[in-house]
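Be aware that the sequence shown starts at 139, since it is given in the working numbering, and climbs by one per residue.
Heads up, the beta-carbon is just placed ideally off N, CA and C, and yes, glycines get one too.
Predicted, not measured: the structure shown is a model, and the values here were computed from it.
In what follows, a single structure is set out as structure tokens and then discussed.
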Amino acid sequence: MKVIDEKGRLFGKVNVFDLIILLALLIGIGAVGYKVISNRMKPLAPTTTYIVTVESLAMPAS
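Shown next as structure tokens:
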């Protein structure tokens, strides 16, 4: 059994050109899906962290 027959089909079932188009479509759909999902994971605004130090003052004895 030949890998590509006289009609250009892979294993006599799938056309090589159609297979290339199908793979390109799947890769494109995967890339768009990845782009959409990765944008959802990013925070909308940058995170700002403040550090506050508070010292306790002794109360005067009354």
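Residues sharing a beta bridge with ARG147, DSSP: ASN153
Alpha-carbon to alpha-carbon, GLY150 and LEU157: 13 Å
Which residues DSSP lists as bridging ILE142, in chain order: DSSP lists LEU148 as partners of ILE142.
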